[in-house]
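Heads up, the thing below is written out as structure tokens.
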Amino acid sequence: MHDIPPSITLFVLFPDIGAFSEYLEVPASKIIKSPELSPSLVPLTVCAVSASLALEKAGEMKSNEIVFVSAAAGATGQFAVQLAKLAGNHVIGACSSDEKVAYLKSLGVDRPINYKKEDLNAVLKKEYPNGIDLAFEGVGGDMFKAVLDNIAIFGRIIVFGNCSHYHGDAGNEPQYGYQQNRKMQLRSASLRGFQRRHHPKDEPEHLQRLVKLVQEGKLKAGIDPTVFQGFESIPKALERLYEQKNIGKLIVRL
1 MHDIPPSITL FVLFPDIGAF SEYLEVPASK IIKSPELSPS LVPLTVCAVS ASLALEKAGE
61 MKSNEIVFVS AAAGATGQFA VQLAKLAGNH VIGACSSDEK VAYLKSLGVD RPINYKKEDL
121 NAVLKKEYPN GIDLAFEGVG GDMFKAVLDN IAIFGRIIVF GNCSHYHGDA GNEPQYGYQQ
181 NRKMQLRSAS LRGFQRRHHP KDEPEHLQRL VKLVQEGKLK AGIDPTVFQG FESIPKALER
241 LYEQKNIGKL IVRL
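Counting in the UniProt record's numbering, the final residue of the sequence shown is number 254, and the numbers go up one at a time with none missing.
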């Protein structure tokens, strides 16, 4: 983000990736007019749009379901839990600290789980014996295994990423092949991959809808309070991200 002179009064948003760039050229079809230049709108452009599209297109989210979100206090997870609540669902959010548990409670999450203190698999089996109807899963490793072990009949697992593999913290690898396929078959469940770039025509509509929800106070766009200034701070920002310390979206001001 740059400081903008007063002479510039027209602002736009676009749902595209442009990390570590000062300037970007984007198709006009992707742009929507922004009511203001506000840090609170920055997390919407990629993270919130991704969550919204994934839940609708891949997850076919309904109401009155049990929805599980991994990395729930992160940049994208924070939107997945809120959108699931707005749709009238019971939401479980997995996170890695008590501070994040408190944040998830402030977003209305019904059952935050600090998986570093509680046994995620045991909690899901005890408190949700009928299983998870919809899972928004972007961690992989042991997290994915817990979701797979607790998926409901006709449950859907959105594969959003594998962030535990990005920095070597995946834990025990789930048993792929026969065991995974058998579990999915016995539950009539489905595994659904998601890539935001495969839904370019839907991005502007979803972004507009999300901006409206923020303006109406129905959606919170959390930004991590740690200040990062300039290109030289990018490694530190990434370090905070991979150490799982961020709550909400990390922003670097250029």
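We put the CB at the ideal spot given by N, CA and C, even for glycine.
With fewer than three CB-CB distances shorter than 8 Å, the stretch 101-108 does not count as touching the stretch 126-134. Considering only L134, A146, G77, G230, the residue with the shortest C-alpha distance to K126 is A146. When the Cα atoms are used, E205 and L83 turn out to be separated by approximately 15 Å. In the three-state reduction of the DSSP assignment, R187 falls in the coil class, being assigned neither a helical nor a strand state.
For I247, the secondary structure class from DSSP, reduced to helix, strand or coil, is coil. Excluding residues up to 5 positions away in sequence, F228, S233, I234, A237 lie with their Cβ nearer than 7 Å to the Cβ of V252 in the same chain.
Under the 8 Å Cβ criterion, the stretch 43-58 counts as touching the stretch 190-204, having at least three qualifying pairs.
Taking the CA atoms as reference points, Q244 sits about 34 Å from Q185. When rounded, the separation of the alpha-carbon atoms in R182 and L120 is 22 Å. Under a 10 Å Cβ-count criterion, I153 is classified as exposed, with fewer than 16 other Cβ atoms of the shown protein chains found around its own Cβ.
F144 is the residue among T76, S96, V91, F144 whose C-alpha sits nearest the C-alpha of L191. The beta carbon of F231 lies closer than 6 Å to none in the same chain, with the five residues before and after it left out.
In the displayed model, F228 falls within a strand according to three-state DSSP.
By the C-beta density criterion, Y103 is buried, having at least 16 other C-beta atoms within 10 angstroms.
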